[in-house]
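S.K.: Residue numbers (our numbering), protein chains in the order written: chain Y, 14 to 363; chain L, 14 to 363.
Where a beta carbon is used, it is the ideal one built from N, C-alpha and C, also for glycine.
There are 2 protein chains.
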Amino acid sequence: MTQGGSSGRPVRVAVDAMGGDEGLLAAVEGAALLSTEERPVQVLLVGDEAQLALALARQRYDPTWLQIVHAPDFVRQEEKPAEALDARPGVSVLRAAQLVAEGRADALVSAGNTGALVLAASRQFQRLPGIRRCALASVYPTEQRHGERGDPFALMLDVGATLTASAEDLVGFAVMGSAYARIISENASPKVALLSNGSEPSKGTAAIVAAHEVLAGLPGLNFAGNVEGLDIPRGTVDVIVTEGFLGNVVLKMLEGVSEVVVDLAKDAYARKFLYRMGLTMLSQGLRQLRTMTDWKQYGGAPLLGLDRVVIKAHGRSNARAMRNAIKVAAKAVDRDLTGQIRAGMGPVTR
Amino acid sequence: MTQGGSSGRPVRVAVDAMGGDEGLLAAVEGAALLSTEERPVQVLLVGDEAQLALALARQRYDPTWLQIVHAPDFVRQEEKPAEALDARPGVSVLRAAQLVAEGRADALVSAGNTGALVLAASRQFQRLPGIRRCALASVYPTEQRHGERGDPFALMLDVGATLTASAEDLVGFAVMGSAYARIISENASPKVALLSNGSEPSKGTAAIVAAHEVLAGLPGLNFAGNVEGLDIPRGTVDVIVTEGFLGNVVLKMLEGVSEVVVDLAKDAYARKFLYRMGLTMLSQGLRQLRTMTDWKQYGGAPLLGLDRVVIKAHGRSNARAMRNAIKVAAKAVDRDLTGQIRAGMGPVTR
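1) DSSP state of Asp86/Y, grouped into three classes?
2) Could you tell me whether the stretch 54-67 of chain L touches the stretch 79-90 of chain L, where touching means 3 or more Cβ pairs closer than 8 Å?
3) List, in order along the chain, the chain L residues whose C-beta lies closer than 9 Å to that of Met169/Y?
4) Can you tell me whether Glu50/L is buried or exposed, with buried defined as 16 or more other CB within 10 angstroms of its CB?
5) Which partner residues of Gln80/L appear in the DSSP bridge assignment?
6) Taking a Cβ distance cut-off of 8 Å, strictly less, list which residues of the stretch 145-159 of chain Y are near chain L, in chain order.
7) Given Leu65/L, which residues of its chain have a CB within under 7 Å of its CB, disregarding the five upstream and five downstream residues?
8) Nearest to Ala27/Y by CA position, among Gln157/Y, Glu199/Y, Asn239/Y, Glu115/Y, is which residue?
9) Since Ala369/L and Ala124/L are thought to touch, with beta carbons under 8 Å apart, how far apart are those beta carbons, to the nearest angstrom?
10) Is Thr175/L close to chain Y, meaning its C-beta is less than 8 Å from at least one C-beta of that chain?
11) Verify whether the separation of the beta carbon atoms of Ala148/Y and Leu132/Y is less than 8 Å.
12) Any chance the CB of Leu47/L is under 7 Å from a heavy atom of the ligand MG?
13) So, is Glu256/L buried or exposed, given that buried needs 16 or more other C-beta atoms within 10 angstroms?
14) Quick one: list the residues of chain L neighbouring Leu246/Y, beta-carbon separation under 7 Å, in chain order.
15) Is the separation between the beta-carbon of Arg247/Y and that of Gln157/Y shorter than 8 Å?
16) What residues from the stretch 227-242 of chain Y come within 9 Å of chain L, judged by C-beta to C-beta, listed N to C?
17) Pair every Cβ in the stretch 231-243 of chain Y with every Cβ in the stretch 160-167 of chain Y, then say whether three or more of these pairs are closer than 8 Å.
18) What three-state label does DSSP hand Glu50/L in the structure shown?
19) Put Gly357/Y into one of helix, strand or coil per three-state DSSP.
20) For Asp164/Y, tell me which candidate among Pro214/Y, Ala63/Y, Ser198/Y has the shortest Cα-Cα distance.
21) Which residue spans inside the stretch 329-357 of chain L form an unbroken alpha helix (DSSP H) run of at least 4?
22) Do we get a CB-CB distance below 8 Å when we pair Phe258/Y with the residues of chain L?
23) Let me check one thing: in DSSP terms, what residues is Ser123/Y bridge-paired to?
24) In chain L, which residues lie less than 7 Å from Thr218/Y when you measure between Cβ atoms?
25) State yes or no: is the beta carbon of Leu37/L nearer than 8 Å to at least one beta carbon in chain Y?
26) Flag this pair as touching only if the stretch 322-332 of chain L and the stretch 201-213 of chain L have three or more C-beta atom pairs under 8 Å; answer yes or no.
27) Answer with yes or no whether the minimum CB distance from Val263/Y to chain L is below 8 Å.
28) Using the C-alpha atoms, what's the distance from Val113/L back to Gln137/L?
29) Look up Phe258/Y in the DSSP assignment and say whether it is helix, strand or coil.
30) Residue range of the beta strand (DSSP E) that Gly238/Y falls in?
31) Kindly list the residues whose CB is nearer than 8 Å to the CB of Gln90/L, restricted to its own chain and excluding five residues on each side of it in sequence; keep chain order.
32) Which value, in whole angstroms, describes the spacing of the CA atoms of Gln72/Y and Ala326/Y?
33) Tell me whether Tyr153/L sits in a helix, a strand or coil according to DSSP, three-state version.
34) Look up Arg73/Y in the DSSP assignment and say whether it is helix, strand or coil.
35) By how many angstroms is the C-alpha of Thr155/L removed from the C-alpha of Ala134/Y?
36) Nearest-angstrom Cα distance between Ala95/Y and Tyr193/Y?
Right, dumping it as structure tokens:
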């Protein structure tokens with residue numbers, strides 16, 4: 014059983030069950046799946062009570078670990094977050110955040126509208142000391158492996174909670190990314206670097222150069238200096254720190270490259286018998302590639318910088334992806350992610 | 014024979030023959046190669062006279078089209094551009110730029126230190142009306158084809174002449190990129206877009222939003238709005254406009270992805286007989302991939318915004334790549350690239 018940090022009770026995760034591309038089904042199935050496993054997590058499914066009860070009735074699950082909390086409405090993917098939250102305070106993402114703020118749950122998970130999740134969390138939770146701006150972090154596949162477990166994913170942040178970032182913001186991102194990689198990827202001393210246009214400390218914008226100087230002297234951080242675009246797919250470091258605008262472009266570009274590679278393989282398959290034979294012989298390797306290109310569906314992206322654990326599951330999450338996101342949230346609570354970030358920020362704020 | 018714009022005489026290209034990774038050999042061989050072709054270009058090889066004469070003596074070439082201009086020194090790849098140019102005014106890149114400024118040549122090509130080329134050109138040439146900052150543009154391979162010729166490359170700028178860019182800078186980049194794609198890729202109406210974190214006109218930094226508004230109303234430009242990271246490898250548009258810091262990261266990342274794909278294929282080849290068979294059957298397709306991953310060696314990157322044509326050839330350029338860069342420079346002179354940019358900037362500066 015997963016333990017709730019210091020208290021010893023099971024971790025409780027509030028799941029915004031509405032608003033993902035798959036509707037409430039992925040959340041319900043994912044939570045049901047998890048309830049029957051060896052190490053379950055207490056899940057509060059937040060959404061339309063009648064719909065949730067109906068969907069749940071069709072699942073095999075252990076009712077000890079599942080509870081429904083009613084929310085009459087939800088934010089759609091295409092809605093403007095601030096307008097939606099202001100106009101409809103009963104939306105599921107806000108209700109789920111409130112449950113966490115009230116201490117009825119320890120962490121928040123949602124596959125819905127990203128902006129609405131960030132806004133709801135920012136309104137309900139407090140920023141950690143020294144953190145001026147939150148960051149969304151995302152794992153992505155790399156050529157090199159990471160940490161003792163040989164994890165094929167590196168972490169990048171911010172990937173879209175901000176646009177530009179000051180030196181202070183970048184320092185906070187570095188500390189938060191390091192804590193997350195330590196706890197979730199179980200990488201004892203993750204290498205952290207700033208994304209720049211050259212490896213020398215003098216390279217990059219004024220914010221990057223200033224952040225470099227602070228990070229180079231920060232105790233408890235395995236700072237590897239600057240990395241360049243080349244290092245992103247290589248995976249030279251474990252955590253890459255950048256402003257949200259750039260992180261967003263880079264991450265979407267990686268998605269685009271994956272899709273193009275899959276397209277080209279499909280195209281080759283259709284074009285020529287010899288190619289078809291060749292691809293069949295490579296199928297085991299290509300399956301591996303496939304797994305890598307589907308990476309966005311695994312786990313979820315943490316929103317870092319608040320005093321509560323928040324995980325954004327991908328909009329296209331299926332049941333397994335939702336289960337994984339809930340497990341990641343529970344693990345982050347269990348191993349005290351927010352406490353680790355607090356500790357990491359100590360030398361910065363002092 | 015290539016004609017020199019309005020004057021009717023052959024185009025003359027000053028080539029900084031030193032400072033590429035291959036030393037002067039690539040430049041000499043490339044120029045020699047071109048001198049024996051059907052449509053030669055007048056080339057001034059700038060560098061150490063004795064070394065150049067020695068290297069040239071070993072080539073087959075037509076002396077009508079080749080001339081050596083002595084420069085006693087050159088800027089190394091690892092040198093700081095400003096320091097080098099200030100301390101040693103006899104360096105080849107500066108001498109070559111002077112030949113162009115003096116009207117003895119029409120265009121400048123170099124495979125040497127990028128910063129030194131940008132600085133030498135900026136000191137010797139004038140910025141075109143309305144252009145506050147120059148941009149380096151680079152082609153890169155995409156899934157979709159471009160223009161009437163089905164070109165597999167799209168253009169991106171700036172990729173490193175600047176760090177950040179104002180709205181005015183981005184507008185200038187869009188006009189310059191469009192002119193270059195029209196002239197060099199022979200794409201009659203290239204689609205130009207701003208790189209942002211969403212397709213809506215409201216998305217992106219303040220500079221991007223402001224540039225979007227100007228570009229949407231600019232006559233003579235086929236403006237396609239904003240594109241996202243996903244669109245970069247897809248090649249949804251023909252010209253992508255962004256600030257230099259981001260362009261640098263994106264371009265190096267594309268290089269990195271290409272290298273990783275080649276590595277993975279090599280690794281698969283070495284690992285398993287079945288994979289080896291499969292890859293052999295795919296070899297024709299993989300050769301195509303190889304060509305695509307070597308794209309940086311073809312042509313060269315134009316430095317846009319000055320009143321003369323400047324082409325930066327890749328540091329690793331071989332003879333064929335240098336020949337191509339010289340031909341691109343001659344074509345840009347021939348079709349009046351600077352005049353086209355001037356015309357495109359007309360509605361902006363008015």
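M.R.: Looking at the atomic coordinates:
1) strand
2) yes
3) Per Cβ cutoff of 9 Å: no residues; Met169/Y is ~12 Å from chain L at best.
4) exposed
5) Leu57/L
6) Glu156
7) Ala30, Leu37, Val41, Leu58, Ile81
8) Glu115/Y
9) Chain L is shown only over 14 to 363; residue 369/L falls outside these bounds and no answer can be derived.
10) no
11) no
12) Summarising the ligand content, the structure contains no ligands, and the ligand MG is consequently not present.
13) buried
14) One detail in the question is off: residue 246/Y reads as Pro in this sequence, not Leu. Those within 7 Å of Pro246/Y in chain L are Met266, Gly269, Val270, Val273.
15) yes
16) Glu241, Gly242
17) no
18) coil
19) helix
20) Ser198/Y
21) 332-347
22) yes
23) Asp29/Y, Lys325/Y
24) Leu176, Thr177, Phe258
25) no
26) no
27) yes
28) 8 Å
29) helix
30) 235-240
31) Gly32, Asp34, Gly125, Asn126, Gly328
32) 21 Å
33) strand
34) coil
35) 39 Å
36) 28 Å
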